[in-house]
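In the working numbering, the protein residues as written are 2 to 97.
The following block contains the structure:
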């Protein structure tokens, strides 16, 4: 996590139980994790939080961080990346 977030204390990760810095963004990530487990029925062992994905397109390579990789029957079925801000702030780059 970058150094620009206001740290409000600590909280416990819904998936792993790990103690994390309590930031406003992390609170939303934990709400998403709770939704996946408590309302959508995914099992905690099937959800991998804070995963780095390596991408390659031609000669270019990058590593991106995603918030959750959800597995179904042992295979990655869904990738979730939390993006704070308004929908409009991400809509413009997507249209460009």
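Even glycine gets a Cβ: it sits at the ideal position worked out from N, Cα and C.
Inset, instruction - Would you tell me roughly how many angstroms separate the C-alpha atoms of residue 36 and residue 61, rounded to the nearest one? - result: 35 Å
Inset, instruction - Tell me whether the beta-carbon of residue 44 lies closer than 7 Å to the beta-carbon of residue 23. - result: no
Inset, instruction - Using the DSSP secondary-structure output, state which residues sit across from residue 53 in a beta bridge. - result: 66
Legend entry - Assigned exposure category for residue 83 - 16 Cβ within 10 Å defines buried: exposed
Legend entry - Close beta carbons around residue 70, own chain, < 6 Å, minus the five adjacent residues each side: 49, 52, 77 and 80
Legend entry - Backbone secondary structure at residue 38 - three-state DSSP: helix
Legend entry - Same chain, Cβ closer than 7 Å to residue 13, five either side skipped, listed in chain order: 20
Legend entry - Cβ neighbour criterion (16 or more within 10 Å) applied to residue 65: exposed
Legend entry - Cβ neighbour criterion (16 or more within 10 Å) applied to residue 55: exposed
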